[in-house]
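The block underneath contains the structure these notes are about, expressed in structure tokens.
Protein chains: 2
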Amino acid sequence: MRLSTKGRYGVTAMMDLAIHDNAGPVTLADISQCQGISLSYLEQLFSKLRKAKLVEGVRGPGGGYRLSRPAEDINIAEIISAVDEKVDVTRCNKEGNCQGGMQCLTHDLWMELSERLYSFLAGITLAQFVNRPGIHELAIQRDKINGRFILARRQAEVLQQQRKAS
Amino acid sequence: MRLSTKGRYGVTAMMDLAIHDNAGPVTLADISQCQGISLSYLEQLFSKLRKAKLVEGVRGPGGGYRLSRPAEDINIAEIISAVDEKVDVTRCNKEGNCQGGMQCLTHDLWMELSERLYSFLAGITLAQFVNRPGIHELAIQRDKINGRFILARRQAEVLQQQRKAS
DNA sequence: TAATTCCTGAGTAATTTAGTAGGATATTGC
DNA sequence: GCAATATCCTACTAAATTACTCAGGAATTA
Numbered sequence: 001m002r003l004s005t006k007g008r009y010g011v012t013a014m015m016d017l018a019i020h021d022n023a024g025p026v027t028l029a030d031i032s033q034c035q036g037i038s039l040s041y042l043e044q045l046f047s048k049l050r051k052a053k054l055v056e057g058v059r060g061p062g063g064g065y066r067l068s069r070p071a072e073d074i075n076i077a078e079i080i081s082a083v084d085e086k087v088d089v090t091r092c093n094k095e096g097n098c099q100g101g102m103q104c105l106t107h108d109l110w111m112e113l114s115e116r117l118y119s120f121l122a123g124i125t126l127a128q129f130v131n132r133p134g135i136h137e138l139a140i141q142r143d144k145i146n147g148r149f150i151l152a153r154r155q156a157e158v159l160q161q162q163r164k165a166s
Numbered sequence: 167m168r169l170s171t172k173g174r175y176g177v178t179a180m181m182d183l184a185i186h187d188n189a190g191p192v193t194l195a196d197i198s199q200c201q202g203i204s205l206s207y208l209e210q211l212f213s214k215l216r217k218a219k220l221v222e223g224v225r226g227p228g229g230g231y232r233l234s235r236p237a238e239d240i241n242i243a244e245i246i247s248a249v250d251e252k253v254d255v256t257r258c259n260k261e262g263n264c265q266g267g268m269q270c271l272t273h274d275l276w277m278e279l280s281e282r283l284y285s286f287l288a289g290i291t292l293a294q295f296v297n298r299p300g301i302h303e304l305a306i307q308r309d310k311i312n313g314r315f316i317l318a319r320r321q322a323e324v325l326q327q328q329r330k331a332s
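In order, the protein sequence lines correspond to chains C and Y.
FYI, in my numbering the residues of the first sequence are 1 to 166.
FYI, in my numbering the residues of the second sequence are 167 to 332.
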């Protein structure tokens, strides 16, 4: 388990997708502008997210990215491990000086901690952040501030339809 | 919250200290040899751990480092934040384009996640890894393999005294 | 056909990680 | 006091990662 700014970018971008999930795909240009990350860097991140089957790309005008699964079924741990590719867990097997020595003992203890951490993050879904009252309305306001008018309009329409249905 | 190899080094080194807590200070040269980290790099890490009041240095022959508090009172979160100094949490306030916009929304959601993560790690103590049956005996064996004979002997003595007392 | 958007790869600057070097300071045991 | 041990401290360097730039190709819409 590893956690850097890259992981944060991945998670916040996925949160953005999740918020607009019902309002169609979100373009990387939008996310780039809103979150202040360069477009090409985002493309690299999303290449990983796509390979991990977390998102789907839709080409052409009106395209963008959307979640490949409902936000309820996407957890934080898989986002982070998709983006923040795991570094060499240890130098254990590579060097010969670790055959049941102290390095292995603390390494095992670390692995245990690492697994606990993973399970913890695997228990948190995107939906837990996004599906709560008021957050979609808030997102519409924010989108307008950021000049994401199309996204804001689409989302507002969806909200209105939902209200009518209920 | 951030978590890189630096954090792992910090935590595993602290685990090593915790295991030998009753057997006097542990030298960085020992840790360096056992865990395969360079001495000077460890010195830099321990400089941070010392400033965070997590360890105490003992100079001179027979010296080394020891925990400044019992392992029950040291949690993983504080070790990681001592070593893996927190990077710019966001670019929010620095740029002017984030005044209640989408960036701030996902930023807030990220901060919430980050705090949950911190609390989780703050709830795990060093002692939970070290104070369990058999681990000290195992450490003595491992120390012998690694040529830490002095440490192994001291620890064996402590264990024997504890057995007599009980 | 033109515009839009994903998708890919190659290259680069900035930052962080990890290590090196050289020394100063405190402590122990002779 | 002296030599050995070990923490402490600063500055420098090499390697890796992060973040970005550039240049183009492929699919889709209007």
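Where a beta carbon is used, it is the ideal one built from N, C-alpha and C, also for glycine.
The structure displayed is predicted, hence computed values, not measured ones.
- Interface flag for I140 (chain C) against chain Y is unset, since no Cβ pair is found closer than 8 Å.
- Linking R298 (chain Y) to S206 (chain Y) through their CA atoms gives a straight-line distance of about 32 Å.
- Taking a C-beta cut-off of 9 Å against chain Y, the contacting residues of the stretch 101-126 of chain C are G101, M102, Q103, C104, L105, T106, H107, L109, W110, E112, L113, S114, R116, L117, F120, L121, I124, listed in chain order.
- Q33 (chain C) and L42 (chain C) have their C-alpha atoms some 11 Å from each other.
- When DSSP assignments are scanned along the stretch 111-140 of chain C, the uninterrupted stretches of alpha helix (DSSP H) that are 4 or more residues long and fall wholly within it turn out to be 127-130.
- In this model, G7 (chain C) and H273 (chain Y) are separated by some 13 Å (Cα to Cα).
- Contacts between F46 (chain C) and chain Y, judged by CB atoms closer than 7 Å, are missing: the closest CB pair is about 15 Å apart.
- Within the DSSP bridge table, the entry for N75 (chain C) names C:T125 as partners.
- The residue from C:A71, C:L45, C:T27, C:D84 with its alpha-carbon nearest to that of G60 (chain C) is C:T27.
- Between L151 (chain C) and H136 (chain C), the beta carbon gap of about 12 Å keeps them out of contact (Cβ cut-off 8 Å).
- Listed as beta-bridge partners of E222 (chain Y) by DSSP are Y:R232.
- Within chain Y, the residues L279 have their CB atoms less than 8 Å from the CB of I76 (chain C), given in chain order.
- For G7 (chain C), the uninterrupted alpha helix (DSSP H) run begins and ends at 5-19, by DSSP.
- Around the Cβ of D309 (chain Y), a 10 Å sphere holds 16 or more other Cβ atoms; the residue is buried.
- Our two residues, Q141 (chain C) and L126 (chain C), have alpha carbons roughly 21 Å apart in a direct line.
- When C:N22, C:A29, C:G36, C:W110 are compared, the shortest CA-CA separation from Y9 (chain C) is found for C:G36.
- Relative to the Cα of G63 (chain C), the nearest Cα in the group C:D30, C:P70, C:I74, C:S114 belongs to C:D30.
- Shortest Cα-Cα distance from L138 (chain C) to any of C:R66, C:R116, C:H20, C:I76 involves C:H20.
- For the pair L113 (chain C) and I290 (chain Y), the CB atoms are nearer than the 8 Å cut-off.
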